[in-house]
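Trainee: Would you mind keeping the following structure in view while I ask a few things?
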C-alpha cells in the first residue's frame, strides 16, 4: 500500500478513495514504486517523469495507468504542500501588514506630537519677537527726545 489513509500529507479524506487509488496503482508494481520514489520531487519533475512514461512506446498501458493513479496521488500531495506554504505566506503578510500599520500609527503619533511642539515653539518665538519689537519701540521713544 503506497498511499496511507492516515498520512496527513496525502490529503484524501475518505478511506475508500485511498483504497481505490491504491488498488489502481497496485495493478502494476511500477504504480506504487512511481508514487513512493517521487514524493520528494517537485511537481514539474514528477510530470516530466510521467510524460516520459506516457511517451515510451515500450511501456505497457497497465504501467501507464498505474503511474497515472500515482501521479494523481502525488498531485494531491503537492497541492496540500502548496496550500500549507500559501497559508504560511499569507500569515507572514498579515503579520507584516500589522507591523506596517503599527509603525504608521506610531509615525502619525510622532508627527502629531512634533507638529504640536513646533506650534508651541513658533508661538514662543512670535511672543519673543513682539516683546523685542515693543522693547525696541520703547527705546526709540526714549532716544528720540534726546536728539
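In our numbering, the protein residues as written are 1193 to 1339.
No residue lacks a Cβ here, since even glycine has one placed at the ideal position from N, Cα and C.
(1) Quick one: what does DSSP say residue 1230 is sitting in, helix, strand or coil?
(2) By Cβ distance below 8 Å, which residues in the same chain neighbour residue 1251 in space, the five residues on each side in sequence not counted?
(3) Should the segment 1252 to 1265 be called in touch with the segment 1297 to 1304, which here means at least 3 C-beta pairs below 8 Å?
(4) Would you mind giving the Cβ-Cβ distance between residue 1257 and residue 1219, rounded to the nearest angstrom? I have them listed as a contact below 8 Å.
(5) Starting from residue 1250, trace the alpha helix (DSSP H) both ways and give me its first and last residue.
(6) Would you tell me roughly how many angstroms separate the C-alpha atoms of residue 1207 and residue 1289, rounded to the nearest one?
(7) Note down the Cα distance separating residue 1277 from residue 1230, rounded to an integer number of angstroms.
(8) Work out the CA separation of residue 1338 and residue 1330 for me, nearest whole Å.
(9) Hey, how far is the Cα of residue 1279 from the Cα of residue 1286?
(10) From what residue to what residue does the alpha helix (DSSP H) around residue 1218 run?
Mentor: Quick look at the numbers:
(1) coil
(2) 1245
(3) no
(4) 7 Å
(5) Residue 1250 -> no alpha helix (DSSP H), and no H or E assigned at all.
(6) 40 Å
(7) 19 Å
(8) 13 Å
(9) 10 Å
(10) From DSSP, residue 1218 is part of no alpha helix (DSSP H); its letter is neither H nor E.
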